[in-house]
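Chemist:
Residue numbers (the numbering used here), protein chains in the order written: chain A, 198 to 493; chain B, 198 to 493; chain C, 198 to 493; chain D, 198 to 493.
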């Protein structure tokens, strides 16, 4: 029991964020929490130095330079790594993550959307002709830490607003992972005046469904071996308090059998399951630790 | 310039909320901000005493006892007044409000929804087969002032949750006013951790539309004489700060011409345009005042 | 009833913020909501052009260049105007404001502090040897609109912190107006995670007092002709909701007769009584309008 | 890795809160998070059944029935246990807690106040004649979970208010532990619109002090062996984010050597160091675990 250092200070050692320093320290894996344009340069340099990389930016999530150019409005400068990058959503790419050299950690919005939508697509439970609506809401930390008028306290408190309507750069991750065409998927991002958490309300018309219990059954079967998915009873929906600070994704479903209208609600913490702790989940897989190590 | 009374006190005179007291005072109109089950008894008593009534509850908004029974889960005890009640949405019932004895002030959610949806239905701009999704979010004041765990500060702050999914009692007001069938309309209510304001994100597939400008043009034409509707430029969406404390409804539209996906966003203050100030707007019409009196 | 312009737009005419433009338009008075270093240059230019000025910065509040240098850490570049400037607290300088050419609108914190403390000093009700503590809390708008990490939503929400402890630049305005020596006055500013409002909790030892009623009586007597001061019953304290958006200052007092410990609480809205609406109050006095015009 | 139960449900076993059930299960210690009037009855019953008790209410914190009657406005019904109860502030009663049968877990406000004030009293660094002011602010969870108008979201958000001015029932815990007379200590509690956290701003006149560094040195010396106290550099003050969800108490100090005015700021999380995790800290001591077990 020794005395702590000055409050607000830390004596944790740091090293420069360079391939040389990382090599010298003998690190086998780095997390990059850098902007896409930085990750595009830094990740290949780390990889060339023999270090495995989990990149939290969007740099390596999409599979083609065309897609990257369209959604990020910039040219990809390391296209040679796109094919090797593994999309780090363990629930769907658990077999490929352990051997990956470069893991592209998923975006926060697509994580909730894919975990909610993909099982229903796979089960043929969605009338795709009628389209899927994903109305997404995120806490302000999703916008990053850099000060801006848009994220300043007085603009956000007692307010609510939509942004990137139909045009958010996370959309292609849902199309890619859940196998949807853009015309089938309407997505709006919105800012909740809270620190952390994403709630997505997803609307579709059911196919081969009789009741919300059927949706719940699909989720339970698909996720029965998953440690971080929790399914609500039919008719109930999750909230953000239940997932704050955790690696859980909570799902709930409501269904009107008479008209076929369906709503599923997905909740995650954008800073953990939507970013940092899912990256740790991938690291656990990559380094041979128990997948839930440090996460449960 | 005289000295104010004690802070926190008021010397405004009050009278009992009875037909007799109201008659004795010679009032010609009363506002009822009482629960539906109270309004059902009190409004007829006031009306029988010759006093006009603007009722802010849901008691007289629906036209049939069957509908009331379904959505309110109770028997209507004054069905004789349902036919006479005028739905107090001035933008659509301005001709009937001045002569009304009983005005049923609209619900907060339907006000935003109808002002956004009805012009597009009337213009044939919505592919109704694909359905309309209305993802609605409200500040906590929408739940009333009575203390409950659900609306206590610690449950609400840093949280976000959906309720009454597909089953909110305000739904029939949208069906009735915009002329939709229930199977065409999916509605979810959600609680924003703020005091006041409603934002609704409405999704549909466009018909006979080329761009968001077309939607804006429909709104501008329909509402060109309306003092309380403000239309954003194509591609822009309103937020809640802009309508807080006002009688405005702000509308914005986004459209993807290639796929036909459309999103419109409507913003009102649930306590004013969604309740009190719209009631005053109706009162102005009923008593022959300028419609914007005290509201602009 | 004409159609409104685009939501979010305005067609209010603007003119350049220069003496020439102001003269050309024939304006007789301008409000400057500029930083102190800008006001120091701009106000004299406006005054030289024959325009009266209400300056909302700290540029002309202190009476000496030495004081300015100490608290603002900068040299005053227009010292010739310090003597002419009138401190725009109508409750104490009502006689001088009507004839003033330059009014220095008070700081938000000193407005609440002076309105609470000065009457008690004047009445000899404070044991000054024991000192006065003013623990002040402000909404985030008090920090201005410029984005910074300190005022970004995620830093402020669910947080509370003190700043400028014993060293806030508003302190000299309290010393000057209430006639205190610095050693008698301890002041700490703190950030509340809200948009607007200042609450100050002021501690002292009473002199010649028996009960909270005595404090209330002093306030009521002193402010009996004031339209914007509201005094709570003995033992009660104001909150911020009651003053939000108003020009009121609410005061409350608690006293323990046995030990002489006293607490008074003052509440204002920092954006109105602490800034804009008090400036309008001064303008009303300067231009011969009713002092409460547009404010009650 | 097995499948989780329904989200929102739990399969953790519960037992009745009775001495019999507790005995049957062979429990050696119980935490009581019950109101004082319940704890007064329940704790003795548990103790008589041979179970040790950590009581989180105020029932056993004060040493005399007179004191209890004065501050809690009720008669103590188990006075025979007052002498045996150990006040569970490990930093000051670490020697007595391990052998205690009944630990009275301290109030949240006094925990921060005593940890900040007592070392300075012991060091003779406070001019007690001038008095100590403790301006305390707490998140809403400090008011308990029971719904009330006072703690409902719409009353609290964008508001700030003081309560129990000079009269809070936690005051005697500070007098008792720091050895102050009531006339020396002015305390006001205030409600911050946040979930959790207490920040106390404490004012006094220094004795035998030259600078803030002297105060910091006193804290560092006194708490050098304490795992849960963190001291800021002179001139810096803690905020609530740094202590949220932790068992830490952070302290900071500012001093004006010329006038002797001193301010110290203490921050804790009222739900952890101010309640639950401090109770665990005491349990660790009582059961022979490492004191920081599960807390660091």
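All C-beta atoms in this analysis are idealised placements derived from N, C-alpha and C, irrespective of residue type, glycine included.
Tell me which residue opens and which closes the beta strand (DSSP E) that residue 252 of chain D is part of.
Modeler: Unbroken beta strand (DSSP E) run through residue 252 of chain D: 249 to 252.
Chemist: Would you kindly work out how many angstroms separate the C-alpha atoms of residue 496 of chain A and residue 458 of chain C, rounded to a whole number?
Modeler: This structure gives no information on residue 496 of chain A, because the portion of chain A shown stretches from 198 to 493.
Chemist: Could you check what DSSP says for residue 236 of chain D in three-state terms: helix, strand or coil?
Modeler: In this structure, DSSP gives residue 236 of chain D a helical state, which the three-state scheme calls helix.
Chemist: Would a check of beta-carbon distances place residue 323 of chain B closer than 8 Å to chain A?
Modeler: Contact with chain A is absent for residue 323 of chain B, since none of that chain's Cβ atoms lies less than 8 Å from the residue's Cβ.
Chemist: Spatial neighbours of residue 370 of chain D within its chain, please: C-beta separation below 7 Å, excluding the five flanking residues on both sides.
Modeler: 258, 303, 304 and 307
Chemist: For residue 466 of chain A, count neighbouring Cβ atoms within 10 angstroms of its own Cβ and tell me buried if that reaches 16, exposed if not.
Modeler: By the neighbour-count rule (16 or more Cβ atoms within 10 Å), residue 466 of chain A is buried.
Chemist: Below 8 Å, can you find three or more Cβ-Cβ pairs linking the region 391 to 406 of chain C to the region 348 to 359 of chain D?
Modeler: Yes, they touch.
Chemist: Using Cβ-Cβ distances below 8 Å, what residues of the region 437 to 469 of chain C are close to chain A?
Modeler: none
Chemist: Taking C-beta pairs closer than 9 Å, name the residues in chain A that residue 430 of chain B reaches, listed in chain order.
Modeler: Within chain A, no residue comes near residue 430 of chain B; the closest Cβ sits about 13 Å away, beyond 9 Å.
Chemist: With a threshold of 7 Å on Cβ separation, who are the neighbours of residue 325 of chain B within its own chain once the five nearest residues in sequence on each side are excluded?
Modeler: Excluding residues within five positions, the ones whose Cβ falls inside 7 Å are 381.
Chemist: I'd like the span of the alpha helix (DSSP H) that includes residue 269 of chain B, first residue to last.
Modeler: 262 to 269
Chemist: Could you give the residue range of the alpha helix (DSSP H) that holds residue 420 of chain A?
Modeler: Where residue 420 of chain A is concerned, there is no enclosing alpha helix (DSSP H), given that its DSSP letter is neither H nor E.
Chemist: Quick check on the DSSP output: the alpha helix (DSSP H) that includes residue 372 of chain B runs from which residue to which?
Modeler: 368 to 375
Chemist: Take residue 335 of chain A and list the residues in its own chain whose beta-carbon comes closer than 6 Å to its own, dropping the five residues that flank it on each side.
Modeler: 395 and 467
Chemist: Residue 252 of chain B and residue 299 of chain B look like a contact to me (Cβ under 8 Å); what is the Cβ gap, rounded to whole Å?
Modeler: 7 Å
Chemist: In the structure shown, what three-state DSSP assignment does residue 479 of chain C receive?
Modeler: helix
Chemist: Please tell me whether residue 389 of chain B has its Cβ less than 8 Å away from any Cβ of chain D.
Modeler: Residue-level contact check: residue 389 of chain B does not touch chain D, since none of the beta carbons of chain D fall below 8 Å from its beta carbon.
Chemist: Between the region 418 to 433 of chain B and the region 446 to 453 of chain B, are three or more C-beta pairs nearer than 8 Å?
Modeler: yes
Chemist: Which partner residues does residue 227 of chain A have in the DSSP bridge list?
Modeler: A:250
Chemist: Quick one: is residue 473 of chain B near chain A, going by C-beta distance under 8 Å?
Modeler: no
Chemist: My understanding is that residue 224 of chain B touches residue 262 of chain B, with C-beta atoms under 8 Å, so please give their C-beta distance in whole angstroms.
Modeler: So it is not a contact: roughly 29 Å between Cβ atoms.
Chemist: On the three-state DSSP scale, how would you describe residue 484 of chain A?
Modeler: helix
Chemist: Tell me the DSSP secondary structure of residue 446 of chain B in three-state form.
Modeler: strand
Chemist: If you compare alpha carbons, which of C:401, C:376, C:226 and C:272 is closest to residue 245 of chain C?
Modeler: C:226
Chemist: What are the start and end residues of the alpha helix (DSSP H) that includes residue 220 of chain C?
Modeler: 216 to 221
Chemist: Using only CA atoms, which one of A:460, A:455 and A:442 lies nearest to residue 474 of chain A?
Modeler: Taking residue 474 of chain A as reference, the option from A:460, A:455 and A:442 with the minimal CA-CA separation is A:442.
Chemist: Starting from residue 245 of chain B, find everything on chain A with Cβ-Cβ shorter than 8 Å and list it in chain order.
Modeler: Near residue 245 of chain B there are no residues of chain A at all, since even the closest Cβ is about 40 Å away, more than 8 Å.
Chemist: Where does residue 345 of chain D land, buried or exposed, given buried means 16+ other C-beta within 10 angstroms?
Modeler: With fewer than 16 neighbouring CB atoms inside 10 Å of its own CB, residue 345 of chain D falls in the exposed class.
Chemist: Whose C-alpha, out of A:322, A:490, A:337 and A:368, is nearest the C-alpha of residue 409 of chain A?
Modeler: The residue with the shortest Cα to Cα distance from residue 409 of chain A is A:322.
Chemist: Throw me the rounded Cβ distance for the residue 384 of chain C and residue 348 of chain A pair, which I believe falls under 8 Å.
Modeler: Not a contact, Cβ separation roughly 30 Å.
Chemist: Of the choices A:273, A:311 and A:265, whose alpha-carbon is the least far from that of residue 290 of chain A?
Modeler: A:311
Chemist: Quick one: Cα of residue 469 of chain C to Cα of residue 238 of chain B, how far?
Modeler: 44 Å
Chemist: Between which residues of its own chain and residue 389 of chain C is the CB-CB distance below 6 Å, once the five residues before and five after are set aside?
Modeler: 334 and 336
Chemist: With 16 other CB atoms within 10 Å as the buried threshold, where does residue 213 of chain C fall?
Modeler: exposed
Chemist: Go ahead and label residue 277 of chain C buried or exposed: buried means 16 or more other beta carbons lie within 10 angstroms of its beta carbon, across all protein chains shown.
Modeler: exposed
Chemist: Under 7 Å Cβ-Cβ, which residues of chain A neighbour residue 332 of chain B?
Modeler: 332 and 398
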